[in-house]
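A.B. asks: Chains as they are written, first to last, in this note's numbering: chain L, 38 to 172; chain Y, 38 to 172; chain U, 38 to 172; chain Z, 38 to 172; chain P, 38 to 172; chain H, 38 to 172.
Number of protein chains: 6
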Amino acid sequence: MVYLTRKEHFNAAHKLYCNHWTPEKNDAVFGKCANKNWHGHNYELYVTVKGEPNSETGFIMNVKDLSLIIDTHICEVLDHKNLNEDIDWGYPMQPSTENVAIWIWNTLEKHIKDCQLHCVKLQETDKIWVEYFGK
Amino acid sequence: MVYLTRKEHFNAAHKLYCNHWTPEKNDAVFGKCANKNWHGHNYELYVTVKGEPNSETGFIMNVKDLSLIIDTHICEVLDHKNLNEDIDWGYPMQPSTENVAIWIWNTLEKHIKDCQLHCVKLQETDKIWVEYFGK
Amino acid sequence: MVYLTRKEHFNAAHKLYCNHWTPEKNDAVFGKCANKNWHGHNYELYVTVKGEPNSETGFIMNVKDLSLIIDTHICEVLDHKNLNEDIDWGYPMQPSTENVAIWIWNTLEKHIKDCQLHCVKLQETDKIWVEYFGK
Amino acid sequence: MVYLTRKEHFNAAHKLYCNHWTPEKNDAVFGKCANKNWHGHNYELYVTVKGEPNSETGFIMNVKDLSLIIDTHICEVLDHKNLNEDIDWGYPMQPSTENVAIWIWNTLEKHIKDCQLHCVKLQETDKIWVEYFGK
Amino acid sequence: MVYLTRKEHFNAAHKLYCNHWTPEKNDAVFGKCANKNWHGHNYELYVTVKGEPNSETGFIMNVKDLSLIIDTHICEVLDHKNLNEDIDWGYPMQPSTENVAIWIWNTLEKHIKDCQLHCVKLQETDKIWVEYFGK
Amino acid sequence: MVYLTRKEHFNAAHKLYCNHWTPEKNDAVFGKCANKNWHGHNYELYVTVKGEPNSETGFIMNVKDLSLIIDTHICEVLDHKNLNEDIDWGYPMQPSTENVAIWIWNTLEKHIKDCQLHCVKLQETDKIWVEYFGK
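1. Restricting to Cα atoms, I'd like to know which of U:Asp116, U:Thr162, U:Trp166 and U:Lys158 is closest to Val86 of chain U.
2. What does Tyr80 of chain L pair with, by DSSP beta-bridge criteria?
3. Around the C-beta of Gly127 of chain P, are 16 or more other C-beta atoms found within 10 angstroms, so that it is buried, or is it exposed?
4. Keeping to the same chain, check which residues put their C-beta closer than 6 angstroms to that of Asp116 of chain U; ignore five residues upstream and five downstream.
5. Can you name the residues that DSSP bridges to Trp166 of chain U?
6. Going by beta-carbon coordinates alone, are Glu135 of chain P and Ile97 of chain H separated by less than 8 angstroms?
7. Using a Cβ cut-off of 7 angstroms, which residues of the stretch 49 to 75 of chain P contact any Cβ in chain Z, in chain order?
8. Please report the straight-line C-alpha distance between Asp108 of chain Y and Thr94 of chain P, rounded to a whole angstrom.
9. To the nearest angstrom, how far is the alpha carbon of Asn99 of chain Y from that of His57 of chain H?
10. Which partner residues of Gln153 of chain P appear in the DSSP bridge assignment?
11. Kindly list, in the order they appear in chain U, the residues whose Cβ is closer than 7 angstroms to that of Leu159 of chain Z.
12. Distance cutoff 8 angstroms, beta carbons only. Does His97 of chain P sit that close to anything in chain Y?
13. Quick one: what's Lys118 of chain P bridged to in DSSP?
14. Assuming Gly68 of chain L and His76 of chain Y form a contact by the criterion Cβ under 8 angstroms, report the distance between their Cβ atoms to the nearest whole angstrom.
15. Could you compute how far the alpha carbon of Cys152 of chain H sits from the alpha carbon of Asn79 of chain H?
16. Tell me the residue span of the alpha helix (DSSP H) that contains Ala138 of chain H.
17. Give a yes or no on whether the C-beta atoms belonging to Glu45 of chain Z and Leu105 of chain Z are separated by under 8 angstroms.
18. Please work out which residues of its chain come closer than 7 angstroms, Cβ to Cβ, to Asn63 of chain H, disregarding the five sequence neighbours upstream and downstream, and give them in chain order.
19. Determine the direct distance from the alpha carbon of Lys172 of chain Y to that of Pro129 of chain H, and round the result to whole angstroms.
20. Check Phe67 of chain Z in the structure and name its three-state DSSP category.
21. For the stretch 112 to 128 of chain Z, which residues have a CB atom closer than 7 angstroms to at least one CB atom of chain P, in sequence order?
22. Would Val84 of chain Y pass as an interface residue toward chain P - the criterion being a Cβ-Cβ separation below 8 angstroms?
23. Can you pull the chain Z residues whose beta carbon is under 9 angstroms from the beta carbon of Thr162 of chain L, in chain order?
24. Name the chain L residues whose beta carbon is nearer than 7 angstroms to that of Trp166 of chain Z?
25. Which stretch, first to last residue, makes up the alpha helix (DSSP H) that contains Ser104 of chain U?
26. For Lys52 of chain Y, count the other beta carbons within 10 Å of its own beta carbon; 16 or more makes it buried, fewer makes it exposed. Which is it?
27. Between the C-alpha atoms of Ile111 of chain Y and Val66 of chain Z, what's the straight-line distance to the nearest angstrom?
28. Helix, strand or coil for Ile97 of chain Y per DSSP?
29. Report the neighbours of Asn79 of chain H on chain U: residues whose CB is nearer than 7 angstroms to its CB, in chain order.
30. Are there 16 or more other CB atoms within 10 angstroms of the CB of Lys118 of chain L, so buried, or fewer, so exposed?
31. If we ignore side chains and look at the alpha-carbon of each, how far apart do Ile139 of chain U and Phe170 of chain U end up?
32. Tell me the rounded alpha-carbon separation between Ile165 of chain U and Trp166 of chain P.
33. So for Pro30 of chain U, helix, strand or coil by DSSP?
34. For a contact defined as C-beta to C-beta under 7 angstroms, what are the partners of Gln153 of chain L on chain U?
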């Protein structure tokens with residue numbers, strides 16, 4: 038079993054805010070992230086798949102295909118978007134790094150064939166990132 | 038003459054848009070950056086000052102003081118803000134990386150004493166940055 | 038289960054030395070790291086916690102709280118210190134990266150509530166780091 | 038159990054090509070990587086071992102020894118080489134990142150004493166890497 | 038005057054070799070870089086242009102256009118190529134980092150309109166790079 | 038004229054302290070850097086030379102020679118040392134990053150032949166560095 042990671046990225050705006058909370062509670066919990074006019078990030082996305090290398094190509098998966106899947110289903114959807122306003126997540130969702138990573142996993146999983154999705158790592162800043170392994 | 042650089046950062050939302058242009062022209066010129074709901078970046082800011090080292094401290098400027106000036110006058114003002122909506126630049130300004138860098142120079146210059154501001158470098162993504170030397 | 042990582046750092050001096058060994062044996066085992074007058078490093082510290090995202094905040098833990106815990110209990114204690122002279126580890130300890138990482142785990146574990154400490158990664162240089170998972 | 042990682046690197050040329058395929062099929066599968074005159078990479082190699090810290094040294098393994106093993110058995114062999122032409126892998130092998138990582142594991146494993154090899158991570162570009170854990 | 042930098046990259050094979058020298062002299066001067074079967078690098082390319090920001094766009098040059106010019110005239114030509122075998126430089130040229138950077142400058146200069154090319158920086162490894170300012 | 042940069046590094050301990058000041062003044066000016074038992078850094082050193090490429094080698098200077106000069110005269114002298122205790126600078130010197138960079142310039146300059154030393158950049162942390170151009 039070999040693990041293959043591909044890095045992609047997207048830039049997006051978001052805010053962290055609970056509409057049924059008071060502004061004061063939003064400030065207390067989310068701090069500057071609750072700014073009503075949004076802020077934004079350069080998100081770095083690392084997708085890891087696992088499998089056994091093909092005896093001819095030496096690939097567990099063609100990394101060009103992996104890159105295309107990530108670009109088509111994730112980066113084209115999220116890049117230069119407002120994560121609170123522009124995205125139909127399919128359910129009400131606070132766009133925290135944790136929740137976006139889980140959504141990316143669920144979106145990618147159905148497109149990875151022949152090998153298995155292993156990890157989605159989403160980096161919000163140089164100092165903060167999350168990893169999700171599907172369970 | 039020695040050059041001293043201090044790196045700081047801030048996260049912000051912005052869009053690039055000319056209100057007196059058609060949406061089509063905005064799309065043609067600014068592409069995804071014209072998304073009306075904004076997008077955002079992790080901005081990395083590098084401020085370089087120059088001067089001669091003090092014979093006792095060996096400093097051209099105490100880097101703690103430089104950091105405090107940048108934080109107070111730039112990062113506190115721009116961090117987790119919407120560069121189109123939240124900031125009073127003092128004049129109408131398209132918040133391109135170029136224009137923000139020039140504004141940072143003009144803001145910082147009056148607070149640097151005893152040595153000279155040399156360069157403001159503002160990095161928007163890993164692949165794009167600008168530098169301004171004050172003229 | 039989602040994994041959240043926060044990066045912090047501290048700068049410290051140390052040496053690797055066994056007082057009951059001869060200087061020759063110290064040199065043979067520790068090389069330059071045995072210099073009696075110490076050397077030092079920029080230590081990069083990565084702390085990973087795991088848990089399930091809160092349905093309202095989307096957080097497994099507020100990263101501001103995680104950062105505060107690390108700063109208070111680790112960075113404030115170790116930053117700009119001599120790891121051989123200035124720190125009360127609670128037991129005799131060679132300040133190798135391995136041992137410091139284990140001490141950081143043991144110190145942090147009691148302060149992480151509501152989610153679980155998963156990994157302490159301590160990076161000594163760009164080329165050397167250790168990870169400890171608590172057992 | 039503590040995990041210790043050492044980073045090393047080597048520069049090499051390679052191409053991805055199946056001699057019993059048509060040039061068209063090689064192009065379709067490998068794209069630019071099939072260029073008959075080769076291309077090349079700066080390979081970053083991360084080797085992780087695991088064990089318990091020695092009570093005197095605080096080391097699970099002396100990192101100087103780990104570095105020497107990697108340099109002697111891997112970097113001296115692969116650095117500034119053509120991975121298709123210059124290396125005797127011991128068996129016919131497509132020099133994909135996956136296959137090279139497995140070969141590195143198998144080569145290193147017999148030289149790691151007193152602690153255990155845990156992971157070989159081989160990075161081909163800033164955006165692509167593989168990890169192998171020995172099974 | 039503001040300076041704008043765009044980073045791109047390409048992967049290539051090369052060797053450093055003077056055909057009219059003996060193999061021994063080639064080894065003495067170029068060391069491992071003289072390996073007859075080539076080696077390779079991930080080249081990072083930084084192109085800096087300078088000019089005054091447009092009053093409407095805030096751009097000294099649209100970075101999408103700059104990226105397209107670099108990709109079309111440099112990366113498409115050099116990526117996944119053998120710098121000794123595959124490229125028509127227009128004159129006999131040792132493919133050292135210095136010489137490739139000068140060639141990139143000369144190639145790009147004629148395509149930069151409305152603002153000026155300022156610097157071509159070409160990075161061969163994390164530890165080695167060259168800069169050329171056109172004279 | 039082409040500029041060639043080589044990166045090297047060393048790890049060292051130091052403190053910033055004026056013996057003829059009170060401890061209180063040392064604390065006020067140098068803060069944590071005045072800790073009497075020292076702290077330390079991973080110093081990254083970038084040396085830039087300039088010249089014209091040789092028509093045969095394509096080099097302005099053989100980067101192996103540049104690396105050897107830096108290692109012999111700087112890294113061997115400063116690596117794993119205490120910058121206050123172990124080094125004979127030739128004159129009384131506060132080991133600030135500024136002063137160490139100037140000393141490195143003065144030490145290297147006499148060993149660079151056939152091309153010219155252009156810049157010494159010394160990085161103390163990811164956020165702080167100095168550059169010296171010899172005047």
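Heads up, the beta-carbon is just placed ideally off N, CA and C, and yes, glycines get one too.
C.D. replies: The relevant details are as follows:
1. U:Lys158
2. L:Phe47
3. Taking all protein chains in view, the Cβ of Gly127 of chain P is surrounded by fewer than 16 other Cβ atoms within 10 Å, so the residue is classified as exposed.
4. Phe47
5. Its beta-bridge partners are U:Gln160 and Z:Thr42.
6. yes
7. Of all residues in the stretch 49 to 75 of chain P, Ala49, Ala50, Lys69, Cys70, Asn72, Asn74 and Trp75 have a Cβ within less than 7 angstroms of some Cβ in chain Z.
8. So the two alpha carbons sit approximately 28 angstroms from each other.
9. 19 angstroms
10. P:Lys87
11. Going along chain U, no residue has its Cβ under 7 angstroms from Leu159 of chain Z, so there is no contact; the nearest lies around 15 angstroms.
12. At residue 97 of chain P the sequence reads Ile, which differs from the His that was named. Cβ-Cβ to chain Y under 8 angstroms: yes for Ile97 of chain P.
13. P:Ala49
14. With a contact defined as Cβ atoms closer than 8 angstroms, Gly68 of chain L and His76 of chain Y miss out at about 21 angstroms.
15. 29 angstroms
16. Thr134 to Glu146
17. no
18. For Asn63 of chain H, same chain residues with a beta-carbon under 7 angstroms away, outside a window of 5 residues either side, are Tyr54, Cys55 and Ala71 in chain order.
19. 39 angstroms
20. The answer is helix: DSSP assigns Phe67 of chain Z an H, G or I state.
21. Within the stretch 112 to 128 of chain Z, the residues whose Cβ lies closer than 7 angstroms to some Cβ of chain P are Asp116, His117, Lys118, Asn119, Glu122 and Asp123, listed in chain order.
22. Cβ-Cβ to chain P under 8 angstroms: no for Val84 of chain Y.
23. Neighbours of Thr162 of chain L on chain Z: none; closest Cβ ~18 angstroms, over 9 angstroms.
24. Thr42
25. Val100 to Ile107
26. Classification of Lys52 of chain Y: buried, given that the 10 Å Cβ count is 16 or more.
27. 50 angstroms
28. coil
29. His78, Asn79 and Thr162
30. buried
31. 9 angstroms
32. 24 angstroms
33. The shown model of chain U, from 38 to 172, leaves out residue 30 of chain U, and the question about it has no answer.
34. Those within 7 angstroms of Gln153 of chain L in chain U number zero; the least Cβ separation is about 17 angstroms.
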